[in-house]
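Enquirer: If you read the sequence shown in our numbering, its first letter stands for residue 4, the second for the next number, and so on.
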Amino acid sequence: MTFSERAGEMGDAVSLRGKVFRQLRNDILSGKYKNNEELRENTIAKEYGVSRTPVREAIRQLELEGLCVTVPNKGAYVNSIKRKDVEDIYAIRGLLEGLCARWAAENMTEEQIEEAQEILFVTRYHLEHEHFEQLYQYDGKFHEVLYRGCASPILNHVLRDFHEYVQSVRQRALKDEKRATLCQEEHEAILKAIKDHDPDKAAQLASLHIQKAAKNMIHEKLNMDE
Numbered sequence: 004m005t006f007s008e009r010a011g012e013m014g015d016a017v018s019l020r021g022k023v024f025r026q027l028r029n030d031i032l033s034g035k036y037k038n039n040e041e042l043r044e045n046t047i048a049k050e051y052g053v054s055r056t057p058v059r060e061a062i063r064q065l066e067l068e069g070l071c072v073t074v075p076n077k078g079a080y081v082n083s084i085k086r087k088d089v090e091d092i093y094a095i096r097g098l099l100e101g102l103c104a105r106w107a108a109e110n111m112t113e114e115q116i117e118e119a120q121e122i123l124f125v126t127r128y129h130l131e132h133e134h135f136e137q138l139y140q141y142d143g144k145f146h147e148v149l150y151r152g153c154a155s156p157i158l159n160h161v162l163r164d165f166h167e168y169v170q171s172v173r174q175r176a177l178k179d180e181k182r183a184t185l186c187q188e189e190h191e192a193i194l195k196a197i198k199d200h201d202p203d204k205a206a207q208l209a210s211l212h213i214q215k216a217a218k219n220m221i222h223e224k225l226n227m228d229e
């Protein structure tokens, strides 16, 4: 076997491990696997259509992130995001989303601004028709455009992870019509500041947006373990 063939196989293996890890993490964060539920390697491997090896490696990586714990001679169990974790994530996001919006106001292309504007236009339609599942999806799309528009791959990566960590909380919050309406208005104001190339205002509005989302989460006491 040539070096390039070996490198190709290694790349495929790394890619598979990454896909299994991301899928399993998403299933935990979305609530498919509940807190303290056992992660059975055989069952997950069969469901994902892979061998047990990438599943075992994904579980080890998730343990490093604190999303599961391994009990010797028993197995691995889900360790769901707790309220304190969510509060910490929102506090950090408040700072980083402000930085992201600041850089987006300085770096977003016209194409990206038009993409964000189109997302808000579609979101407004779904808001008026109370399509809450679509609201959640387009909320994520809007933030993703800003993450790309900030022109920092590192910040993009960090914020995407934080966004995923609180996805179940975000989804429940956006089913509240009042919060969903305010969220739309806040997104529109952030985008206007970006279009006006006003980094200070964009940063301020983005940080405030996350702070309000956090207050809403705490106020509503969204069914989370302490």
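Yeah, the Cβ is synthetic: ideal placement off N, Cα and C, and Gly gets one too.
Which of helix, strand or coil does DSSP assign to Leu70?
Expert: As a working mapping, residue 70 is identified with position 67 in the sequence shown. Here Leu70 sits in coil by DSSP.
Enquirer: Can you say whether Thr126 is buried or exposed, counting buried as having 16 or more other CB atoms within 10 angstroms of its CB?
Expert: Looking up residue 126 in the sequence shown gives position 123. Buried, by the Cβ-count rule.
Enquirer: For Ala154, which residues in the same chain have their Cβ closer than 7 Å to its Cβ, ignoring the five residues on either side in sequence?
Expert: Reading the sequence shown from its first residue, position 151 is the one you call residue 154. In its chain, beyond the 5 residues on either side, Trp106, Asn110 have a beta carbon closer than 7 Å to the beta carbon of Ala154.
Enquirer: I need the DSSP call for Tyr80, collapsed to helix, strand or coil.
Expert: Translated into positions along the sequence shown, residue 80 becomes position 77. Reduced to three states, the DSSP call for Tyr80 is strand.
Enquirer: By how many angstroms is the C-alpha of Arg63 removed from the C-alpha of Ala216?
Expert: In the sequence shown, residue 216 corresponds to position 213, counting from 1. In the sequence shown, residue 63 corresponds to position 60, counting from 1. About 32 Å.
Enquirer: Quick one: using the 10 Å Cβ neighbour count with 16 as the cut-off for buried, is Pro202 buried or exposed?
Expert: Counted from its first residue, the sequence shown places residue 202 at position 199. Buried is the call here.
Enquirer: With a threshold of 6 Å on Cβ separation, who are the neighbours of Asp30 within its own chain once the five nearest residues in sequence on each side are excluded?
Expert: In the sequence shown, residue 30 corresponds to position 27, counting from 1. Only Tyr36 meet the Cβ criterion.
Enquirer: Can you give me the start and stop residues for the alpha helix (DSSP H) that Thr112 sits inside?
Expert: In the sequence shown, counting from the first residue as 1, residue 112 sits at position 109. That residue, Thr112, is in no alpha helix (DSSP H); it is neither H nor E in DSSP.
Enquirer: How should Gly69 be labelled, buried or exposed, when 16 other C-beta atoms within 10 angstroms of its C-beta is the threshold for buried?
Expert: In the sequence shown, counting from the first residue as 1, residue 69 sits at position 66. The residue is exposed, with fewer than 16 neighbouring Cβ atoms inside 10 Å.
Enquirer: Leaving out five residues on either side along the sequence, give the residues of the same chain with a beta carbon under 6 Å from the beta carbon of Ala61.
Expert: For the purposes of this step, residue 61 is identified with residue 58 of the sequence shown, where counting begins at 1. The answer, listed in chain order, is Val23, Phe24, Leu27.
Enquirer: If you count every other CB in all the chains shown that lies within 10 Å of the CB of Ser7, and 16 or more means buried, which is it?
Expert: Taking the sequence shown and counting its residues from 1, the one referred to as residue 7 is at position 4. At Ser7 the pLDDT is 34, less than 50, meaning the model places this residue with poor confidence; the figure from the coordinates comes in the next sentence. Exposed, since its Cβ has fewer than 16 Cβ neighbours within 10 Å.
Enquirer: Between the Cα of His134 and those of Ala183, Phe165, Asn82, spot the shortest distance and give me the residue it belongs to.
Expert: Numbered from its first residue, the sequence shown carries residue 134 at position 131. Scanning Ala183, Phe165, Asn82 for the CA closest to the CA of His134 turns up Ala183.
Enquirer: Going by other Cβ atoms of all chains shown within 10 Å of its Cβ, with 16 needed for buried, is Ser231 buried or exposed?
Expert: Shown here, the chain extends from 4 to 229; a query on residue 231 therefore has no answer.
Enquirer: Helix, strand or coil for Glu133, going by three-state DSSP, please let me know.
Expert: By one-based count along the sequence shown, residue 133 stands at place 130. Looking at Glu133 - three-state DSSP - the assignment turns out to be coil, as it is neither helix nor strand.
Enquirer: Considering just the uninterrupted stretch of the alpha helix (DSSP H) at Lys198, what are its terminal residues?
Expert: Taking the sequence shown and counting its residues from 1, one reaches residue 198 at position 195. From DSSP, the alpha helix (DSSP H) with Lys198 extends over 180-198.
Enquirer: Near Gln120, which residues of its chain fall below 7 Å by C-beta distance, leaving aside the five closest residues on each side in sequence?
Expert: The sequence position of residue 120 within the sequence shown is 117, counting from 1. Here the set comprises Leu194.
Enquirer: Alpha carbon to alpha carbon, how far is Glu90 from Lys218?
Expert: Position 87 of the sequence shown holds residue 90. Position 215 of the sequence shown holds residue 218. Distance between the alpha carbons of Glu90 and Lys218: 9 Å.
Enquirer: Taking Cβ positions, are Leu162 and Leu99 nearer each other than 9 Å?
Expert: Position 159 of the sequence shown, counted from the first residue, corresponds to residue 162. Position 96 of the sequence shown, counted from the first residue, corresponds to residue 99. Yes.
Enquirer: Suppose you measure from the CA of Ser18 to the CA of Val58; what does that come to, to the nearest Å?
Expert: In the sequence shown, counting from the first residue as 1, residue 18 sits at position 15. In the sequence shown, counting from the first residue as 1, residue 58 sits at position 55. Using only the alpha carbons, I get a separation of about 13 Å.
Enquirer: If you draw a straight line from the alpha carbon of Glu117 to that of Glu167, how long is it in whole angstroms?
Expert: Stepping through the sequence shown from its first residue, residue 117 is reached at position 114. Stepping through the sequence shown from its first residue, residue 167 is reached at position 164. Glu117 and Glu167: Cα-Cα distance of roughly 25 Å.
Enquirer: Just the Cα atoms here: how many angstroms apart are Cys103 and Lys198?
Expert: In the sequence shown, the residue the question calls residue 103 occupies position 100. In the sequence shown, the residue the question calls residue 198 occupies position 195. Between Cys103 and Lys198, the C-alpha separation is close to 14 Å.
Enquirer: Looking only at DSSP bridge pairs, what is Leu42 linked to?
Expert: Numbered from its first residue, the sequence shown carries residue 42 at position 39. The partner list for Leu42 (beta bridge, DSSP) reads Ala79.
Enquirer: Check for me: the alpha helix (DSSP H) holding Tyr36 runs from which residue to which?
Expert: Mapped onto the sequence shown, residue 36 falls at position 33. Run containing Tyr36: none; DSSP gives neither H nor E here.
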